[in-house]
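Just so we're aligned: 206 in the working numbering is position 206 of the sequence shown, and the numbers increase by one with no gaps anywhere. Each residue gets a CB set at the ideal place from its N, CA and C atoms; glycine is no exception.
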Amino acid sequence: MEKVEKGRCTVEAKGHSSARWLACLCLAWSLPALAVEVGIAGVFPNKALLVIDGAPPKGVAVGQKTEQGVKLVAVEDGAAVVEVEGKRRTLRVGQSVVSQQSTEQNPTLTLSADAAGHFFATGTVNGGTVRFLVDTGATMISIGASDARRLGIDLRNAQVGYSQTANGNARVYRVRLSTVRIGDITLNDVDGLVHEHDLPIALLGMSFLNRMEMQRDGQRMILKKRY
């Protein structure tokens, strides 16, 4: 049995074969030009289950286009690449982005909370992919050591400090991130902290969020770029 809500997919599985993929979380993406909302309920080899405007999941093969104009371009690494009006998006299973709306000057991003009330977003730092937890209690964007190496962040001239953690004081390096992009929102020259040890997940802190208009609406958080 499947339940689909607009902007979120919740699934109740019956049967072993369904349970293997029904653990996948739903991702939804709003296409402002066409007012089409696209979500993913599951992915298979060369096929994905798309949820469009809250309708029941529909199996779409790679290369196929729906009547709403949504084309499934590829399925790879647990994610689906969809195309609408020539614009492609990679929708990763479990990503919390519900919708993205863009204007040239003030792009807007809408995030959906998970079951625990946390907001997650997948973006890029200096061109490399990063998974973020939105954390208004974090002064800056915080990144673990291995992520920093993967992103090519240079620590040689970084300012060294210490941060209080559950395991005591930890060394951190203050850096300037050239670009941080989430959805259609791009910021340049953003302050960040690199921890000497790995973090479970990168934190999207106030050095990014302070440059947004933030609005909390139930299970949604709307971010609008100010400058």
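What do you get for residue i, buried or exposed, if any count of 16 or more other CB atoms within 10 angstroms of its CB means buried?
i: A116; result: exposed
i: T129; result: exposed
i: E67; result: exposed
i: L91; result: buried
i: T136; result: exposed
i: G183; result: buried
i: F208; result: buried
i: E37; result: buried
i: G192; result: buried
i: P299; result: Given that the chain is displayed from residue 1 to residue 227, the structure contains no residue 299 and the question cannot be resolved.
i: R226; result: exposed
i: H59; result: The sequence given here places Gly at residue 59; His does not occur at that position. Flag for G59 reads exposed.
i: H197; result: exposed
i: H195; result: buried
i: Q215; result: exposed
i: N167; result: exposed
i: F119; result: buried
i: T186; result: exposed
i: E213; result: exposed
i: V160; result: exposed
Where DSSP assigns a beta bridge to residue i, which residues make up the other side?
i: F119; result: A113
i: T90; result: V81
i: A48; result: V43, V60
i: D217; result: R220
i: E76; result: A79
i: L204; result: V134
i: E67; result: E67 pairs with nothing; no bridge assigned.
i: G128; result: V125
i: M140; result: Paired residues: none, contrary to the question.
Could you tell me how far apart the beta carbons of residue i and residue j are, in whole angstroms, since I believe they sit closer than 8 Å?
i: S112; j: R220; result: 6 Å
i: V73; j: V81; result: 4 Å
i: A61; j: V51; result: No, A61 and V51 are not in contact; Cβ-Cβ is about 16 Å, not under 8 Å.
i: V180; j: G123; result: 7 Å
i: R131; j: A202; result: 7 Å
i: T108; j: M206; result: About 19 Å separates the two Cβ atoms, so there is no contact after all.
i: L264; j: S142; result: Only positions 1 to 227 of the chain appear in the structure, and residue 264 is not among them; the question remains open.
i: G144; j: N126; result: With a Cβ gap of about 15 Å, G144 and N126 do not count as contacting.
i: L204; j: L133; result: 7 Å
- Should the stretch 146-161 be called in touch with the stretch 169-178, which here means at least 3 C-beta pairs below 8 Å? yes
- Could you pull out every unbroken beta strand (DSSP E) segment of at least 3 residues lying fully inside the stretch 143-201, listed in chain order? 159-165, 168-182, 185-195
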